[in-house]
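In what follows, a structure is listed as structure tokens, so that the remarks can point back to it.
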Amino acid sequence: MPLFMEEQTDLLAVRRQKLDALHAAGVPPFGQRFDITGRPGEIRSAFAEGNPVRTAGRITAHRNMGKSHFLDLSDSTGRMQVYLHSKEVGPEAAAIFEHLDIGDWIGVEGETFTTKTGEPSIKVKSFTVLSKSLRPLPDKWHGVQDTEIKYRQRYLDLISNPESRDVFLKRIAIVREIRRFLEERGFIEIETPMMQQVPGGAAAQPFQTHHNALGVDLFLRIAPELYLKRMLVGGFTKIFELNRNFRNEGISRRHNPEFTMLEAYWAFADFEQMASLVEEMVCHLAKTVIGGFVIEHRNPGGEVTKSIDLTPPWRRVRYSDLIRGVKGDWYDISSAARREWCAANGLDITHCAEDFEVTQHVFEKLVEERTMNPLFVTHCPKELVPLAKQNAQDGSVVDVYELVINGQEISPGYSELNDPDIQRARLEQQSGGETQKLDEEFLHALEYGMPPAGGVGIGIDRLVMMLTGAESIRDVILFPHMRPRGV
RNA sequence: GGGUUGGUAGCUCAAUGGUAGAGCAGCGCCCUUUUAAGGCGUUGGUUGUGGGUUCGAGUCCCACCCAACCCA
């Protein structure tokens, strides 16, 4: 009596009923090993007709023609259409098929053919249930639009938004190509401690933890620098580390508490050579991963919002010359006159106590933020970079570059300080006299002699943002940190 | 920390203070080459949470939660 039959329409309950139906039919809903001849996207991109194939994937589309069905099987490699007809698989399998849904993983065996609309396809002879999906997937056409779901449930974003998948595949390729580029040039990858007793190498708030057996507090590293320099002392003269740093600071469009950093050190080189190395490396990434030197950033409507041209050679300009480019007599006028000029030009410098901070604010707002194409800013004021070598000709500046692309700092590079006494003085100054913040073991190591070296750091997340056109760091980190919340 | 915007069905989105809707997904039926398949029918809601104003609140007010963006 349909009138008295309770209509069961809850989406989760319907899937549970199908799960039960599979069990009842003796079909394990969560399968085992399934050997394949190729993944869906691989078979499609290297398509040859008339071949026996086995593949597996998630059902992401179902076009039901009555007796014949067209399914898309997908994974991270892409999609492959399969054609399923009761005449080919038999009535028993056709009955099992009734219990499948979009979202289920299945394995298929069959033969490749091309449909009359020209679509590469697999004519299924048999299929195997690999995993029953108990929750419905996001909208097949729009995918996941809700940013919160994209970040908290990244797997849904990856299943339904191919453009998100592409960004992460590019990120993976970028990291792989960086390693290859450096290794081909004789750099070797080093692993140094992520838990440090003295968090050094940068000025940032660390995360704190505790080692029970040793009874000591430890800090997650804010940078690997001081350990990599110990490696230079140890005679490893071309090294890099590409891994995570942790900073206990704000979360924003450009900041995640854990982020990926490349640091590389090259003994007997200077900051100019490091600049060339970085220029070559980023150009290599653009060519191999992006496919060209021009990077276009688009808004959600698809319109180009900005264009970055990475074609080498990149400009190298002294910091002071860039400031003079903003205001020619900047270094000839009084401190008060500079502050008046800032106020008149809409720059808020109320938080700037020192003169160099005022100048730096002008640099950030009027040079850095407006620089889209690569620019090596060289010979920065020594107050800004306390750990670098002073310039031999001009003691007020240091031998460093800051690479600016896309309006943000992408990479600093130094001629590293290797005089242990000057290094100690600088670190003591930086720590404000708090001796427990000094990494004495590092200073001790320097006294054995560290070769002069060039060093670079590159924030990989921001580099990926620049290369892929992402406007938020959360779009290039698979699982960005979010405020806790139940699903 | 401050400001702005947003949170409605599984997903994507509507809804002058006056009966909460559509598309997709789901469910039922038709269809043997479709591809955002199509056709007919149909189910589905604590409108982020908690208060308040009102005859009446998704809509107005207050607080809180979560997110995005801008600022610090």
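The opening position of the first sequence corresponds to residue 12 in our numbering, with each subsequent residue numbered one higher. Beta carbons are placed, not taken as given, at the ideal position from N, Cα and C, and that holds for glycine.
Status (buried if at least 16 other CB within 10 Å, exposed otherwise) for residue i
i    : result
K78  : exposed
L84  : buried
M493 : exposed
E370 : First, the amino acid is wrong: residue 370 is Thr here, not Glu. When all chains shown are included, T370 counts as buried.
G211 : buried
Y425 : buried
S422 : buried
H153 : exposed
R44  : exposed
A280 : buried
E236 : buried
E499 : What is shown of the chain runs 12 to 498, which leaves residue 499 out entirely.
K29  : buried
P166 : The question names Pro, but residue 166 in the sequence shown is Tyr. Exposed, by the Cβ-count rule.
I199 : exposed
E451 : exposed
P217 : buried
V227 : exposed
H80  : buried
A403 : exposed
R485 : buried
Distance CB(residue i)-CB(residue j) smaller than 8 Å
i    : j    : result
K127 : E99  : no
W116 : G68  : yes
M76  : P51  : no
T389 : R326 : no
F192 : M292 : yes
Q207 : R232 : yes
W341 : R350 : no
E122 : G61  : yes
T158 : I113 : no
R258 : A215 : yes
T203 : L239 : yes
I416 : P385 : yes
R176 : S483 : no
F304 : Y412 : no
Q440 : P397 : yes
P149 : S171 : yes
M285 : V467 : yes
E379 : E420 : yes
Y94  : S137 : no
Presumed contact (8 Å Cβ cut-off) between residue i and residue j, rounded CB distance
i    : j    : result
I185 : V300 : 5 Å
V178 : P40  : Going by Cβ atoms, the distance from V178 to P40 rounds to 33 Å, so no, they are not a contact pair.
C294 : L321 : 6 Å
L438 : V289 : 26 Å between Cβ atoms; not a contact.
P495 : N267 : Not quite, the Cβ-Cβ distance comes to about 16 Å (not below 8 Å), so this is no contact.
P462 : L243 : 6 Å
Rounded straight-line distance, which links the Cα of residue j to that of residue i
i    : j    : result
E252 : A234 : 10 Å
A275 : M477 : 20 Å
V373 : V409 : 19 Å
L111 : S87  : 21 Å
A278 : Y459 : 15 Å
K376 : S142 : 53 Å
M12  : L22  : Only weak support is given to the placement of M12: the predicted model assigns it a pLDDT of 22, under 50, and the value that follows is read from those uncertain coordinates. The straight-line gap from Cα to Cα measures roughly 23 Å.
R255 : E269 : 6 Å
K249 : L454 : 21 Å
E394 : F367 : 7 Å
C353 : S318 : 29 Å
T125 : S56  : 13 Å
R182 : E427 : 29 Å
V487 : R309 : 15 Å
K298 : E260 : 35 Å
A213 : T316 : 34 Å
S345 : R381 : 26 Å
I401 : G465 : The residue asked about is misnamed: residue 401 is Gln in this sequence, not Ile. About 13 Å.
V475 : Y162 : 17 Å
V337 : P431 : 38 Å
D31  : H96  : 24 Å
Collapsed DSSP secondary structure at residue i in the structure displayed
i    : result
R69  : strand
A354 : helix
V135 : strand
G336 : helix
H221 : strand
Q404 : coil
T370 : helix
K249 : strand
Q441 : helix
H266 : strand
F81  : strand
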